[in-house]
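A short write-up of the structure that comes next.
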Amino acid sequence: MKKEWSKPELEVLDVKMM
Amino acid sequence: MSNKQAISLKLIVSQSAGNLVSDMDGEKVMLNIDKGKYYNLGQLGGVIWELVEQPMAVQELVSTLCSLYQVEQSECENQVIEFLEKLMQEGLIQVKNFSS
Chain D
1 MKKEWSKPEL EVLDVKMM
Chain H
1001 MSNKQAISLK LIVSQSAGNL VSDMDGEKVM LNIDKGKYYN LGQLGGVIWE
1051 LVEQPMAVQE LVSTLCSLYQ VEQSECENQV IEFLEKLMQE GLIQVKNFSS
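Residue numbers (this note's numbering), protein chains in the order written: chain D, 1 to 18; chain H, 1001 to 1100.
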């Protein structure tokens, strides 16, 4: 049985980081 | 080859190195320390990411996804290509011609 499809999305966040 | 071309079904895509990758609640997340960026590929994006661990033609990638998911071929093609272009813009994947 095939799985349900959902549109692939890319979430991009700038992060501050030692 | 530069990463400025558009994605087409005949191109070969593969993961770029240099990202810290993890699974979080079923979603694939990545951290690029050099760029200071955090990426969430989601659940399906994570499946695509794992499929391109080894170089794979976009056509083959779409065919594989169509065999796993309930989706029309044309819809899958369009959405996967759009997603891959975003990954390419962020430098997360490498894109090559079949012959290169």
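In this text, a Cβ means the ideal position worked out from N, Cα and C, and glycines have one as well. Predicted model, so just to flag it, every value in this text is computed and none were measured.
Can you name the residues that DSSP bridges to H:Lys1037? D:Asp14 and H:Asn1032
Take the Cβ of H:Met1030 as the centre, count every other Cβ of all protein chains shown within 10 Å, and call the residue buried at 16 or more, exposed below. Looking at its Cβ environment, which holds 16 or more other Cβ atoms inside 10 Å, H:Met1030 is buried.
Between which two residues does the alpha helix (DSSP H) containing H:Leu1065 stretch? Val1058 to Leu1068
Nonlocal neighbours in the same chain, by C-beta distance under 6 Å from H:Gln1059, ignoring five residues either side: For H:Gln1059, where only same-chain residues beyond five positions count, the Cβ hits under 6 Å are Leu1009.
Tell me which same chain residues have a C-beta within less than 8 Å of the C-beta of H:Val1052, skipping the five on either side of it? Val1013, Ser1014, Gln1015, Leu1061 and Ile1093
Rounded to the nearest angstrom, how far is the Cβ of H:Ser1069 from that of D:Val15, given a contact under 8 Å? Note on identity: in this sequence residue 1069 of chain H is Tyr, with Ser being the wrong assignment. In fact, because the Cβ distance is near 31 Å, the residues do not count as touching under 8 Å.
Give me whichever residues DSSP pairs with H:Val1021 in a beta bridge. H:Met1030
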